[in-house]
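These notes are about the structure you will find just below.
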Amino acid sequence: MANIIVIGAGIGGVPAAYELQAKLGKSHHVTVVSANEYFQFIPSNPWLAVGKRVRDEITVELRPHLEKKGIAFIAQPVESILADENRLTLADGTALDYDYLVITTGPRLAFEEVAGSGPVSGFTHSICTIDHAERAFSAYENFLLDPGPVVVGAMPGASCFGPAYEFAFILDADLRKRKLRHKVPITYVTSEPYVGHLGLGGVGDSKSMLESEFRNHDIKWITNAKTTRVEADKLFTTELDGLGNVLREHELPFRFAMMLPAFKGVDPVAAVAGLCNPRGFVLIDEYQRSKKYRNIFSAGVCVAIPPVEVTPVPTGAPKTGYMIETMVTAIVENIAADIEGRAASAKGTWNAICLADMGDTGAAFVALPQLPPRNVNWFKKGKWVHLAKIAFEKYFLHKVRTGSSEPVYEKYVLKALGIFRLEEK
6 MANIIVIGAG
16 IGGVPAAYEL
26 QAKLGKSHHV
36 TVVSANEYFQ
46 FIPSNPWLAV
56 GKRVRDEITV
66 ELRPHLEKKG
76 IAFIAQPVES
86 ILADENRLTL
96 ADGTALDYDY
106 LVITTGPRLA
116 FEEVAGSGPV
126 SGFTHSICTI
136 DHAERAFSAY
146 ENFLLDPGPV
156 VVGAMPGASC
166 FGPAYEFAFI
176 LDADLRKRKL
186 RHKVPITYVT
196 SEPYVGHLGL
206 GGVGDSKSML
216 ESEFRNHDIK
226 WITNAKTTRV
236 EADKLFTTEL
246 DGLGNVLREH
256 ELPFRFAMML
266 PAFKGVDPVA
276 AVAGLCNPRG
286 FVLIDEYQRS
296 KKYRNIFSAG
306 VCVAIPPVEV
316 TPVPTGAPKT
326 GYMIETMVTA
336 IVENIAADIE
346 GRAASAKGTW
356 NAICLADMGD
366 TGAAFVALPQ
376 LPPRNVNWFK
386 KGKWVHLAKI
396 AFEKYFLHKV
406 RTGSSEPVYE
416 KYVLKALGIF
426 RLEEK
């Protein structure tokens, strides 16, 4: 009997556990280890931060659902990974042995890289976790009593820009409904070299479309922005030109700021010798397997993916839901193959597909493959995307509650996008 441990219980970890259980059956043992007792649907955090969702609507208590499927669950942070001994130690001192380890921890939020940033010891908010989004909403409620300038965007080294765009538009829509938008100048500040870069070198007409949307919504922007520090009511950023030379310095006053931080690997993963790159992301081969430890696999934001291109201010490449889903399926197939004595053959599909809400409309992009040149390079907006993201949220939470191993993106999102593209023609 093989003992498989999945670290992390997010969009990658929970489906990995369900798919492993469905593929391997009761003859093998699957355990999920997570610092939290619950699953959180992170793509809904921009809504929560303006009061459009509450915690109970986008979280699921994991233990009863996992255990119903015969999957063990331990709610403890991982203290260390002893990869040479095939063992984990947990924060409470427990030691766990494994035959296969699946790392789906997500990132560590590197607020320390910009002085004064972050919701705990700094002056900016985040929507990267449900706790941060709740803190942002509390601050937003106070902000509404005395509105003023807002700064939204992404710090140098950020690699997931979609939520920043979403939040800017969702905030704009909410303020308009409250008849307060005229009191709130919004500036989008980003390390991207241009609006709509998205860490992907742009997708289709994303640059002109998002610039047009910003103009239509009276949102100003600063790109190639190397944010250096934040004070209680002011953000300092250096705008660079295309060659990396200083173009101008900005001191932006704000009453509310939401800036996505750079990501790094979580500490116990980054500390394993030979497992990660210098930023702490897991180095994997084409089969989602560690290049050094052949029984360790990884999927999601915690894997190392090179930037699409060199930019004046560092930007990382995003890992979207479809990409994570295919990574997970490849891991499951390759672990099953290894147990049966067969060579690994399954590979993740490194394509980028995203549904982004924009308040009362939305934008969808498809980059196949993620790295250009691409076979498909498509970006569209419309009310249907807003509705599709709501439907996707509901279905994914249903999947977590029911223990379904069905691939969400492949069966539903790609089908919806395909139907829409056919209708265009």
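Using our numbering, the first residue of the sequence shown is number 6, and each one after it goes up by one.
For every residue, glycine included, the Cβ atom is placed at its ideal position computed from N, Cα and C.
Outcome for residue i when other beta-carbon atoms lying within 10 angstroms are tallied against a minimum of 16
| i | result |
| --- | --- |
| Met6 | exposed |
| Asp290 | exposed |
| Ala322 | buried |
| Thr129 | buried |
| Val119 | buried |
| Gly249 | exposed |
| Val125 | exposed |
| Asn339 | buried |
| Pro168 | buried |
| Asp238 | exposed |
| Glu398 | buried |
| Gly75 | exposed |
| Arg362 | Contrary to the premise, residue 362 reads as Asp rather than Arg in this sequence. Buried, because 16 or more other Cβ atoms sit within 10 Å of the Cβ of Asp362. |
| Leu87 | exposed |
| Glu428 | Because Glu428 carries a pLDDT of 41, less than 50, the predicted location of this residue cannot be relied on, and the following value inherits that uncertainty. Burial call: exposed. |
| Asp246 | exposed |
| Gly17 | buried |
| Thr99 | exposed |
| Pro146 | Residue 146 is actually Glu in this sequence, not Pro. Looking at its Cβ environment, which holds fewer than 16 other Cβ atoms inside 10 Å, Glu146 is exposed. |
| Asp179 | buried |
| Leu25 | buried |
| Ser32 | exposed |
| Lys225 | exposed |
| Pro112 | buried |
| Glu218 | buried |
| Phe315 | According to the sequence displayed, residue 315 carries Val and not Phe. Exposed, by the Cβ-count rule. |
| Pro378 | exposed |
Integer Cβ distance of residue i from residue j, believed to fall under 8 Å
| i | j | result |
| --- | --- | --- |
| Ala335 | Gly353 | 5 Å |
| Arg260 | Phe148 | 6 Å |
| Asp468 | Ile191 | The question about residue 468 has no answer here: the residues shown for the chain are numbered 6 through 430. |
| Ser39 | Ala21 | Not quite, the Cβ-Cβ distance comes to about 12 Å (not below 8 Å), so this is no contact. |
| Leu203 | Phe172 | Actually they do not touch by this definition, with Cβ atoms about 14 Å apart. |
| Tyr193 | Gly158 | 5 Å |
| Val107 | Gly153 | Incorrect: roughly 46 Å between the Cβ atoms, too far for contact. |
| Glu236 | Thr243 | Going by Cβ atoms, the distance from Glu236 to Thr243 rounds to 15 Å, so no, they are not a contact pair. |
| Val390 | Leu360 | 6 Å |
| Ile10 | Thr36 | 5 Å |
| Ile175 | Trp52 | 7 Å |
| Ile329 | Gly346 | In fact, because the Cβ distance is near 28 Å, the residues do not count as touching under 8 Å. |
Residue closest to residue i, alpha-carbon to alpha-carbon, out of the options
| i | options | result |
| --- | --- | --- |
| Ala372 | Phe142, Tyr170, Gly326 | Gly326 |
| Asp343 | Pro317, Pro319, Asn300 | Asn300 |
| Glu42 | Glu66, Gln26, Pro48 | Glu66 |
| Lys269 | Pro377, Ala163, Val11 | Ala163 |
| Lys212 | Lys31, Val405, Trp383 | Trp383 |
| Glu90 | Val35, Ile135, Ile395, Leu101 | Leu101 |
| Ser49 | Val156, Ile132, Glu256, Gly285 | Ile132 |
| Lys184 | Arg234, Met264, Leu150 | Leu150 |
| Thr228 | His222, Glu236, Val251 | Val251 |
| Lys388 | Leu288, Glu117, Gly367 | Gly367 |
| Ala431 | Gln293, Val381, Ile310 | Outside the displayed range of the chain (6 to 430) lies residue 431, so it cannot be described from this structure. |
| Lys404 | Ala115, His70, Ala54 | His70 |
| Ser122 | Leu288, Glu411, Gln375, Met264 | Met264 |
| Ser443 | Thr110, Lys225, Lys57 | This structure leaves residue 443 out entirely; the chain is present only between 6 and 430. |
| Ile310 | Tyr298, Pro317, Pro283 | Pro283 |
| Arg234 | Pro266, Lys225, Ser217 | Pro266 |
| Ala276 | Ser85, Gln26, Gln81 | Ser85 |
| Val337 | Ser303, Lys73, Thr195 | Ser303 |
| Pro161 | Glu139, Glu117, Arg181 | Glu117 |
| Ala138 | Val271, Val208, Tyr105, Arg60 | Arg60 |
| Lys297 | Ala278, Val308, Phe219, Leu29 | Ala278 |
| Ile135 | Ala27, Pro258, Ile47, Thr109 | Ile47 |
Paired residues, beta bridge with residue i - DSSP
| i | result |
| --- | --- |
| Cys359 | Phe370 |
| Phe44 | Val65 |
| Ile10 | Thr36, Leu106 |
| Ile224 | Ile191 |
| Lys399 | Beta-bridge pairing links Lys399 to no other residue. |
| Leu114 | Phe268 |
| Glu236 | Lys239 |
| Ala22 | DSSP, once it has assigned bridges, lists no residue as partnering Ala22. |
| Leu101 | Leu93 |
| Phe128 | Beta-bridge pairing links Phe128 to no other residue. |
| Ala120 | Arg234 |
| Val337 | Answer is none; Val337 lacks a bridge partner. |
| Gly158 | Val194, Met264 |
| Val381 | Leu373 |
| Lys386 | Ala368 |
Residue ranges of each alpha helix (DSSP H) within the segment 244-324, 4 or longer: Here the runs fully enclosed are 272-275.
Beta strand (DSSP E) segments (min. 3 residues) lying fully within the segment 52-98: Taking only runs of at least 3 residues, the beta strand (DSSP E) segments lying wholly in the segment 52-98 are 64-66, 77-80, 83-87, 92-95.
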